[in-house]
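Student: I'd like to ask you about the structure that follows.
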Amino acid sequence: MKITSAEFVMSNSDVAQCPNQPLPEYAFIGRSNVGKSSLINMLMQRKSLAKTSGRPGKTQLINHFLINKNWFLVDLPGYGYARVSKQSKKTFQKFITAYFEKRKQLVLGFVLIDSRHEPQPIDLEFMEWLGEQQIPFSIVFTKADKLKPNALKRNLEIYAAKMLETWEEMPMHFITSSSNNAGREELLDYIDQINQEMKEQQGLPFN
Ligand code: GTP
Ligand code: MG
0 MKITSAEFVM SNSDVAQCPN QPLPEYAFIG RSNVGKSSLI NMLMQRKSLA
50 KTSGRPGKTQ LINHFLINKN WFLVDLPGYG YARVSKQSKK TFQKFITAYF
100 EKRKQLVLGF VLIDSRHEPQ PIDLEFMEWL GEQQIPFSIV FTKADKLKPN
150 ALKRNLEIYA AKMLETWEEM PMHFITSSSN NAGREELLDY IDQINQEMKE
200 QQGLPFN
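One point on numbering: in numbering that gives the first Met the number 0, the residue at position 113 of the sequence shown is 112, and numbering is uninterrupted.
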């Protein structure tokens, strides 16, 4: 997919206030600092469309971006960020949960996983929760540039083995790096393909 336009639309913490156009929407979620905002900038080839930071907890709201005037991309706050207060952690969790439960336009969540780490309970539990809610998701392994090819391959095998303890098959997944653009075309083509299929199915399910 060629990106012809990417515009920031709005930030908020209330799913009811999110844009109401009936456009397909894809949300990026994962632990703080996993690279959600960086990935969005890499996909859009824009330096600072989404705000990034070396300090976890940078993204604190639901951020909508309108892409090619026909789909939304959503940058979400990270879960599992220890430095924010317990109260604001709860508030985060509440509106992220509400977003996934209520957002009719949401087509698919991309769950970002740092490819350097072994499977973390918080990510596995979040994916199980998505499964229970019947919310489709794909996995995006991030920061692949930080590992040598063999170490990356081994980590992915460990991850797949862990997933297969719970899931019948390994979900669709992508290997990405915001530093060297790895995975960019694959991920954008995947979104494009879903958008096309939805169009062919005569309108969006949430119209
Ligand atoms: P929160 O908004 O705090 O939840 O974080 P986030 O998931 O949006 O992470 P962000 O994109 O802000 O990136 C966190 C840090 O990781 C930054 O210092 C990025 O430069 C770095 N980073 C992100 N992606 C990559 C990558 O693919 N490769 C490398 N080497 N660094 C990355
Ligand atoms: Mg962020």
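Every residue gets a Cβ at the ideal spot worked out from N, C-alpha and C, and that includes glycine.
Any idea which residues DSSP pairs D74 with across the strands?
Tutor: Paired residues: F27 and N62.
Student: Smallest Cα separation from N62: which of A150, F109 and V8?
Tutor: Among A150, F109 and V8, the Cα nearest to that of N62 is on V8.
Student: How big is the Cα-Cα spacing for R45 and Y158?
Tutor: So the two alpha carbons sit approximately 30 Å from each other.
Student: Cα-Cα, which of Q16, V106 and K89 is closest to Q192?
Tutor: Ranking the options by Cα distance to Q192, first place goes to V106.
Student: Do I95 and F140 come within 7 Å of each other at the CB atom, strictly closer than that value?
Tutor: Result no, Cβ atoms of F140 and I95 do not sit closer than 7 Å.
Student: Does the pairing of the region 2-21 with the region 29-36 give three or more beta-carbon distances under 8 Å?
Tutor: No: the two stretches stay apart, fewer than three of their Cβ pairs being nearer than 8 Å.
Student: With C-beta atoms as the reference, is I138 less than 7 Å away from H172?
Tutor: Contact flag set, yes.
Student: Return yes when the C-beta of S10 is under 6 Å from any heavy atom of the ligand MG, and no when it is not.
Tutor: Answer for S10: no, Cβ out of range of the ligand MG.
Student: Count the other CB atoms, across all protein chains shown, that sit within 10 Å of the CB of K142; report buried if there are 16 or more and exposed otherwise.
Tutor: With 16 or more other Cβ atoms within 10 Å, it is buried.
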